[in-house]
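Single-structure report; data block below.
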Amino acid sequence: MEFESYTPKETQKTKETEKEYRFNKLNKTIQESTETLNFLHSLVGEGRKNAQNVLDKLRTRKEELLKDQQKVVKETGDYKTYNEMESEIQGIDKRTAEIFQASGEKDPIQTTEEEFQAGLKERQELVVKHLDQKENELASLKREELAKNILALKEENKK
Numbered sequence: 100m101e102f103e104s105y106t107p108k109e110t111q112k113t114k115e116t117e118k119e120y121r122f123n124k125l126n127k128t129i130q131e132s133t134e135t136l137n138f139l140h141s142l143v144g145e146g147r148k149n150a151q152n153v154l155d156k157l158r159t160r161k162e163e164l165l166k167d168q169q170k171v172v173k174e175t176g177d178y179k180t181y182n183e184m185e186s187e188i189q190g191i192d193k194r195t196a197e198i199f200q201a202s203g204e205k206d207p208i209q210t211t212e213e214e215f216q217a218g219l220k221e222r223q224e225l226v227v228k229h230l231d232q233k234e235n236e237l238a239s240l241k242r243e244e245l246a247k248n249i250l251a252l253k254e255e256n257k258k
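With positions in the sequence shown counted from 1, the corresponding number in my numbering is that position plus 99.
Listed below in structure tokens is the structure:
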């Protein structure tokens, strides 16, 4: 008699342990996916920050060159130096354009404020859409796990 009453309890405990294991495993997968997503977002942010630093340095150098160009022509009339500086400025402009082309964006200095804000809003909407998609995927996974658990409980109750 004791053996028969002991077996169902052990079976019930094993089933609960399996459910807890599956649930914990799903939660761990969700957590790892979230951490990976956050890491990728931080990498993108660092890349943008580095590109922005390069752009800031290029713009600063260009401003210095423009000021120096004016001084050279006014003080010495040396157009050779002026032309060398102009060549460097054009190189800076080319490098700036390459950076923006690689990022798929327009140079905000060369676009109107309206275009820049529209682009910013578009990027924000894409990020929100992506995050909503990920949130829906997580909710779907949780619903599936809950449905499995409910079915398992119903089967246990029938027995």
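C-beta atoms are modelled at their ideal positions from N, C-alpha and C, and glycine is treated no differently.
{"Query": "Considering only the alpha carbon of each residue, which of Leu-154, Lys-124, Gln-168 lies closest to Ala-201?", "Result": "Leu-154"}
{"Query": "How long is the line joining the alpha carbons of Thr-159 and Asp-192, rounded to whole angstroms?", "Result": "12 angstroms"}
{"Query": "Does the distance from the CB of Glu-145 to the CB of Leu-164 come in under 8 angstroms?", "Result": "no"}
{"Query": "Round the Cβ separation of Arg-194 and Leu-157 to the nearest angstrom and send it over; I've been treating them as touching at under 8 angstroms.", "Result": "6 angstroms"}
{"Query": "Could you work out which residue in Asp-167, Leu-237, Lys-173, Glu-197 is closest to Met-184 when comparing CA atoms only?", "Result": "Asp-167"}
{"Query": "Less than 8 angstroms between the beta carbons of Glu-254 and Leu-125, yes or no?", "Result": "no"}
{"Query": "By DSSP, does Thr-175 sit in helix, in strand, or in coil?", "Result": "coil"}
{"Query": "Please name the residue, chosen from Lys-258, Lys-170, Asn-256, Lys-241, that lies closest to Arg-121 on a Cα-to-Cα basis.", "Result": "Lys-241"}
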